[in-house]
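Notes to accompany the following structure.
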């Protein structure tokens, strides 16, 4: 075996090893990226039933809204003064906490949640707790009542 034959053998052997390593690395990266991707979220039968119920409720509310428009066009709408009458000491306010607020059944953190109020949603403040740390509110749209932490509302002087 000559010196040139030995050089060809060494270069060929090293080229083969490099190609084998590069191919293995490429296959490993492909498998890793394929297996590390999160699978699609499964849809359970309970969720399918809720979607069907939601669609039925949407159709029902559309029909009800159409019917209420027909009825309201024939009836006299209440005057603004009737709609804005509040209990003595109550006032309208808006939620200024960007994440919204949790309404609780009692004026403490240990009590159960009874609902929530979204950011910039209008509420009626009914009363303050004795320690002035909590406020009892009623959501204007749903008439839900509950306690929220004080300092997260701003008085609504003008309608927005």
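Residue numbers (UniProt numbering): 1 to 160. Backbone N, C-alpha and C define an ideal beta-carbon position, used for all residues, glycine too. Predicted, not measured: the structure shown is a model, and the values here were computed from it.
Residue i (DSSP reduced to helix, strand or coil)
i, result
"residue 46", "helix"
"residue 4", "helix"
"residue 90", "coil"
Closest Cα partner of residue i within the set the options
i, options, result
"residue 106", "127, 118, 121", "127"
"residue 119", "14, 152, 144, 27", "152"
"residue 132", "150, 139, 40", "150"
"residue 94", "109, 122, 101", "122"
Expected contact under 8 Å - CB spacing of residue i and residue j to nearest Å
i, j, result
"residue 124", "residue 114", "The Cβ separation is near 16 Å, so there is no contact."
"residue 144", "residue 103", "7 Å"
Strand pairing of residue i, partner residues [DSSP]
i, result
"residue 11", "The partner list for residue 11 (beta bridge, DSSP) is empty, contrary to what the question assumes."
"residue 244", "The shown model of the chain, from 1 to 160, leaves out residue 244, and the question about it has no answer."
Inset, instruction - Could you pull out every unbroken beta strand (DSSP E) segment of at least 3 residues lying fully inside the UniProt domain "SH3b" (99 to 154), listed in chain order? - result: Complete beta strand (DSSP E) runs here, min 3: 101 to 104, 113 to 117, 122 to 128, 134 to 139, 145 to 149.
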